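Protein chains in written order, with full-length UniProt numbering: chain A, 1 to 351; chain B, 1 to 351. Beta carbons are placed, not taken as given, at the ideal position from N, Cα and C, and that holds for glycine. What you are looking at is a predicted structure, and each value in this text was computed from that prediction instead of being measured. To start, the structure itself, in structure tokens.
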DNA sequence: TTGACATGTTCATAAGTATTAATTCGAATC
DNA sequence: GATTCGAATTAATACTTATGAACATGTCAA
């Protein structure tokens with residue numbers, strides 16, 4: 001570890017006396033020229049000068065007042081996934097009690113190593129950083145180098161940081177069980193965020209759940225799109241209808257959507273086309289955000305409660321003591337909840 | 001000013017050596033008993049021990065790294081008004097360049113004076129606090145007492161703090177001008193957040209705009225609800241239809257909505273009832289958030305861009321030097337933008 | 001019982017910092 | 001040109017802190 005710089009060294013570098021440096025760094029302004037004042041501070045800061053006598057970071061009650069939030073590339077504040085705001089609410093709820101506040105640091109794209117360093121260097125120590133969504137591994141490692149506790153939600157990064165993730169398998173299992181019980185056998189998948197692992201996980205889980213019931217998911221009934229927003233839900237439903245042949249006995253009766261937003265879009269498509277929900281088609285979504293109940297019909301949906309995910313993340317952060325190299329990382333899986341809404345009903349030809 | 005305490009004094013008080021105090025305060029843990037470690041820190045902190053060598057508060061670039069955000073009572077993170085996230089995005093965009101981050105402090109309801117003091121006392125100084133929405137005056141005064149720069153967005157508090165607000169009059173003027181040009185003469189108002197001044201301002205502006213064109217707003221065509229969300233937009237439209245007599249020539253052909261969310265709800269109602277938009281009814285909203293273009297049909301809408309409001313708020317905060325008693329407060333009004341969407345068309349009996 | 005070892009602390013002193021009186025230096029005044 | 005004055009800086013030194021070596025003290029195994 002590099003020996004820390006002294007006032008005398010700063011003085012020598014600038015060609016002034018150590019006394020002057022001392023005066024300046026203690027904040028004396030009168031009787032000191034602005035020029036000296038500024039140049040001394042500049043050099044002191046640039047060289048990472050630290051006072052001697054105590055390093056407050058080490059205080060046992062050195063309260064870490066902040067938790068930073070970083071979003072995965074692609075998410076912006078003004079296009080909040082609903083999920084994000086629920087998670088933030090959960091974080092806030094728990095952290096608030098410990099008088100820790102949440103600070104938005106930016107998106108993966110906004111931040112490079114240098115910027116992060118600037119952001120974190122000049123301020124109170126962070127309790128940790130919550131990563132929202134799948135971030136790239138180099139980015140994760142760069143963050144790790146800052147010696148901050150990292151926690152990833154909605155994506156796991158084995159061996160790199162803690163994580164709190166939803167139970168996708170269980171969600172799909174709940175949805176499929178419900179729909180099969182209602183007599184559905186022909187399923188469609190309306191998938192979003194097709195580039196991300198989350199989409200693969202959900203689609204894979206759907207396949208498994210159906211397979212274990214000897215139901216096959218027709219490849220033509222799988223429609224996947226880029227973003228997974230409302231419009232794309234609409235488009236997916238439209239695309240699905242276009243792909244279908246004329247035989248109505250082949251048409252899927254249960255649309256399983258990647259998220260609630262897409263389900264709403266698909267529902268709007270159904271409304272416009274005069275497809276009755278749930279009489280003709282049942283719509284179900286992997287989601288547990290407010291969107292499920294924002295308006296009637298409420299969505300039939302299953303998913304891990306994002307607020308709970310936020311709460312668990314906060315608890316985990318509060319418990320984690322120190323960032324370290326060879327830590328044991330916790331991967332927490334939050335169970336899924338199923339809620340029967342108004343968009344699912346008995347399969348039409350089952351009655 | 002009291003002379004500052006030295007390590008030796010701490011050592012004497014605790015009956016240990018100065019060396020030990022030095023070791024402890026520099027964070028050495030191994031080879032030091034927990035008991036000593038904690039008691040030394042306790043006494044050091046209790047006596048306000050400060051290291052010698054520099055007082056960072058005096059650094060010329062002692063930058064204020066944070067801007068706090070407080071929401072009005074009633075808003076929660078997990079029920080984000082869309083507007084809020086856009087404003088936050090605008091704030092973030094500008095503040096990021098100054099390496100200032102935004103910290104969510106809580107809702108009006110979460111915070112009492114004591115809590116605020118705790119939140120703000122133990123950390124880096126805030127550049128300011130952005131208040132989102134109408135907060136109560138006592139709350140505002142309590143915040144003011146903290147000697148922090150305050151800025152209110154979407155609500156003005158004359159003489160108490162800066163504000164950045166939308167131009168409601170202009171928004172309504174733009175909408176009415178557009179609709180009147182299309183031949184509409186029978187208007188309805190679907191209002192939300194009926195308790196807040198914002199609702200009064202919008203409804204009042206609508207009345208004025210119509211009056212100046214010799215159009216009267218029928219009292220029966222004014223429906224106002226509590227929250228202004230999607231479901232209530234739906235309910236408003238339903239209520240409006242219920243209130244109408246049988247005479248179709250009396251029915252309003254232009255629904256002006258308090259915000260985009262309500263417009264979407266109203267549109268869903270129209271879809272369900274088979275009311276064609278915009279052939280039979282035009283829908284317009286005071287809004288400029290993402291909701292206007294989240295799905296087709298895009299909403300015909302006018303409003304001040306919330307992201308711009310955020311940006312202006314951030315600039316104002318960066319410019320404001322110090323909080324003071326008798327400051328001059330800036331009230332900034334951001335102009336409204338009009339965008340013609342797909343929900344407005346010629347008045348039906350005008351063709 | 002003894003010695004090896006670990007832990008926690010102190011001693012002694014080198015290194016670093018604060019502070020006051022003294023110095024320098026240029027501008028204004030005589 | 002000499003004198004005064006004030007701002008800026010430094011010398012000198014008292015005071016504070018860091019740190020390696022030394023010193024207790026207790027534990028454990030031979």
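Does DSSP put residue 302 of chain B in a helix, in a strand, or in coil?
Correct three-state label for residue 302 of chain B: strand.
Between residue 241 of chain B and chain A, is there a C-beta pair that is closer than 8 angstroms?
Answer no: the Cβ-Cβ gap between residue 241 of chain B and chain A never drops below 8 angstroms.
Looking at the structure shown, is residue 329 of chain A part of a helix, part of a strand, or coil, going by DSSP?
Coil at residue 329 of chain A, not helix or strand.
Since I believe residue 43 of chain B is in contact with residue 10 of chain B (beta carbons under 8 angstroms), could you give me their beta-carbon distance rounded to a whole number of angstroms?
At roughly 5 angstroms, the Cβ-Cβ gap stays under 8 angstroms, so residue 10 of chain B and residue 43 of chain B are in contact.
Going by DSSP, name the residue or residues bridged to residue 283 of chain B.
The partner list for residue 283 of chain B (beta bridge, DSSP) reads B:255.
Whole-angstrom Cβ separation of residue 166 of chain B and residue 345 of chain B, contact assumed at under 8 angstroms?
Contact doesn't hold; Cβ gap of about 26 angstroms is too wide.
Please check the pair residue 266 of chain A and residue 233 of chain A, which I expect to be a contact at CB under 8 angstroms, by giving their CB distance rounded to whole angstroms.
That pair is a contact at about 5 angstroms.
Report yes or no: is there a C-beta of chain B within less than 8 angstroms of the C-beta of residue 26 of chain A?
Yes, contact with chain B.
Report back the beta-carbon spacing between residue 210 of chain A and residue 176 of chain A to the nearest angstrom; my notes put them in contact at under 8 angstroms.
The pair is a contact, with the Cβ atoms about 6 angstroms apart (cut-off 8 angstroms).
Can a CB atom of chain A be found closer than 8 angstroms to the CB of residue 272 of chain B?
Output row for residue 272 of chain B: interface = yes.
Please tell me whether residue 296 of chain A and residue 342 of chain A are closer than 8 angstroms, where the distance is taken between their beta carbons.
Yes.
When the Cα atoms are used, what is the spatial distance from residue 130 of chain B to residue 320 of chain B?
In a straight line, the C-alpha of residue 130 of chain B is about 13 angstroms away from that of residue 320 of chain B.
What is the rounded straight-line gap between the Cα of residue 325 of chain A and the Cα of residue 148 of chain A?
Only weak support exists for where residue 325 of chain A lies, its pLDDT of 47 falling under 50; the value from the coordinates is given anyway. Computed Cα separation, rounded: 11 angstroms.
At the level of alpha carbons, what is the spacing between residue 174 of chain B and residue 276 of chain B?
Going from the Cα of residue 174 of chain B to the Cα of residue 276 of chain B covers about 23 angstroms.
Tell me whether the beta-carbon of residue 84 of chain B lies closer than 8 angstroms to the beta-carbon of residue 102 of chain A.
No, they are not a contact pair.
Ordered along the chain, which non-local residues of its own chain (more than five positions away) have a Cβ less than 7 angstroms from that of residue 24 of chain B?
Within the same chain, residue 24 of chain B has close Cβ partners 32, 36, 37, 40 and 41.
Give every residue of the same chain whose Cβ lies closer than 8 angstroms to the Cβ of residue 98 of chain A, excluding the five residues on either side of it in the sequence, and list them in chain order.
Cβ neighbours of residue 98 of chain A beyond the five flanking positions: 318.
Can you list the residues of chain B that residue 105 of chain A reaches, using a CB-CB cut of under 7 angstroms?
Near residue 105 of chain A (Cβ distances below 7 angstroms), the residues of chain B are 101.
Compute the Euclidean distance between the alpha carbons of residue 13 of chain A and residue 22 of chain A, then round it to the nearest angstrom.
Going by the C-alpha atoms only, they are around 14 angstroms apart.
Among the candidates B:229, B:254 and B:15, whose CA atom is the shortest distance from the CA of residue 222 of chain B?
Ranking the options by Cα distance to residue 222 of chain B, first place goes to B:254.
Where residue 150 of chain B and residue 285 of chain B are concerned, what is the direct C-alpha to C-alpha distance, given to the nearest angstrom?
Their backbone Cα atoms lie some 30 angstroms apart in a straight line.
Go ahead and pull the three-state DSSP assignment for residue 336 of chain A.
Reduced to three states, the DSSP call for residue 336 of chain A is strand.
Decide if residue 290 of chain B is buried, meaning its Cβ has at least 16 other Cβ atoms within 10 Å, or exposed.
So residue 290 of chain B ends up on the buried side.
From this set, A:71, A:92 and A:72, which residue's C-alpha is nearest residue 65 of chain A's C-alpha?
With distances taken between Cα atoms, residue 65 of chain A lies closest to A:92.
Quick one, are the C-beta atoms of residue 168 of chain B and residue 201 of chain B less than 8 angstroms apart?
For residue 168 of chain B and residue 201 of chain B, yes; Cβs fall inside 8 angstroms.
How big is the Cα-Cα spacing for residue 28 of chain B and residue 16 of chain B?
If you take the alpha carbons of residue 28 of chain B and residue 16 of chain B, they lie about 16 angstroms apart.
Could you tell me which of B:287, B:270, B:153 and B:52 sits nearest to residue 90 of chain B, measuring between CA atoms?
Among B:287, B:270, B:153 and B:52, the Cα nearest to that of residue 90 of chain B belongs to B:153.
According to DSSP, is residue 162 of chain B helix, strand or coil?
Looking at residue 162 of chain B - three-state DSSP - the assignment turns out to be strand.
What residues in its chain sit with their C-beta under 6 angstroms from that of residue 47 of chain A, if we drop five residues either side in the sequence?
Excluding positions up to five away in sequence, the list reads 5.
Shortest alpha-carbon distance to residue 191 of chain A belongs to which of A:185, A:34, A:139 and A:220?
Measuring from the Cα of residue 191 of chain A, the nearest candidate turns out to be A:220.
I need the straight-line Cα distance from residue 273 of chain B to residue 239 of chain B, nearest angstrom please.
Going from the Cα of residue 273 of chain B to the Cα of residue 239 of chain B covers about 13 angstroms.
Which same chain residues, not among the five before or five after residue 288 of chain A, have their C-beta less than 7 angstroms away from its C-beta?
Here the set comprises 301, 303, 304, 305, 306 and 337.
Are there 16 or more other CB atoms within 10 angstroms of the CB of residue 20 of chain A, so buried, or fewer, so exposed?
Buried, because 16 or more other Cβ atoms sit within 10 Å of the Cβ of residue 20 of chain A.
Could you tell me the distance, in whole angstroms, from the CA atom of residue 144 of chain A to the CA atom of residue 108 of chain A?
Spanning the two alpha carbons is a distance of roughly 14 angstroms.
Quick one: residues in its chain with C-beta nearer than 6 angstroms to the C-beta of residue 237 of chain B, no 5 flanking neighbours on either side, listed in chain order?
Result list for residue 237 of chain B: 266 and 269, in chain order.
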